[in-house]
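These notes concern the structure reproduced below.
This is the structure:
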């Protein structure tokens, strides 16, 4: 009896498992593992996608920040450039205004209206004959002087600089005449000559100019001497003063 029991136990221990029983249990365990992995796989994918999305958002934010910074820098640079351009334009405008003032002042020094007459004070120098020719080409003549007031006005404007006037004796070297045809009043203009003038030095001084800044400023001189000169218009007869009065 005991031997039979021992035999049965040994037989059971050494018995080959029946087909399908042990394998089924093993396959079940593998199936459970596969199911677990299959259940975890979406979460892994979602996690990776979430990380990628986070990286993308971070990168986009960084790029946006850099873009805004660069835009701000460019805007600031443009603002500085605009400011610099505006300052240059303003400086140019101020310079033009100053130049305009200077030109107006120079124009007023060249052309001046006084008591119904327009006077042109040349900047360049010419002989008396060339100066008269220039005045004639402008529709005028070298200036005549017919009163103390006009003499004072002209010697103040010439300010001590030598300017030809229209008085000359080129025709006969004896009698002074005004080139514009005005009658010469020797007695009336006697007080306009410098002391000792006219002296006709070397018998070769037949033209007259302003010399000093004073009432007695006339001097006779060689007509070929290069001096500045004064042209004169009558505003009423020549209409040269329109827009200037």
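In the numbering used here, the protein residues as written are 1176 to 1420.
Heads up, the beta-carbon is just placed ideally off N, CA and C, and yes, glycines get one too.
Requested in this report: Could you pull the start and end residues of the alpha helix (DSSP H) that residue 1396 belongs to?
Outcome: Segment 1393 to 1396 is the beta strand (DSSP E) holding residue 1396; no alpha helix (DSSP H) there.
Query - Exposure of residue 1212, with buried meaning 16 or more beta-carbon neighbours within 10 Å - result: With a pLDDT of 46 at residue 1212, under the threshold of 50, the predicted position of this residue should be treated as unreliable, and no value is reported.
**Report entry** Rounded separation between residue 1224 and residue 1233 - CA only
**Finding:** 14 Å
Report task. With DSSP as the reference, label residue 1406 as helix, strand or coil. Result -> Here residue 1406 sits in strand by DSSP.
Query raised in the report: Can the beta-carbon of residue 1344 be found closer than 8 Å to that of residue 1292?
Result: no
Query raised in the report: Do you know offhand how far residue 1326's Cα is from residue 1320's?
Result: Those two C-alpha atoms are separated by around 6 Å.
Query - Whole-angstrom distance between residue 1340 and residue 1353, CA atom to CA atom - result: 9 Å
Query raised in the report: Under the rule that 16 or more other beta-carbon atoms within 10 Å means buried, what is residue 1294, buried or exposed?
Result: Residue 1294 counts as buried, since no fewer than 16 other beta carbons sit within 10 angstroms of its beta carbon.
Query raised in the report: In terms of DSSP beta bridges, what is residue 1286 paired with?
Result: 1295
Query raised in the report: Going straight from the alpha carbon of residue 1263 to that of residue 1251, what length do you get?
Result: 18 Å
Query raised in the report: Does DSSP classify residue 1272 as helix, strand or coil?
Result: helix
Query raised in the report: Going by beta carbon distance, what residues of the same chain come within less than 7 Å of residue 1348, once the five residues before and after it are set aside?
Result: These residues qualify, in order along the chain: 1381.
Query raised in the report: Contact between the segment 1296 to 1307 and the segment 1393 to 1413: three or more CB pairs below 8 Å?
Result: yes
Query raised in the report: What number of angstroms, rounded off, separates the C-alpha of residue 1259 from the C-alpha of residue 1286?
Result: Cα to Cα, the separation comes out at about 40 Å.
Report task. Could you tell me whether the Cβ atoms of residue 1297 and residue 1399 are closer together than 8 Å? Result -> Their beta carbons are not under 8 Å apart, which means residue 1297 does not touch residue 1399 by this criterion.
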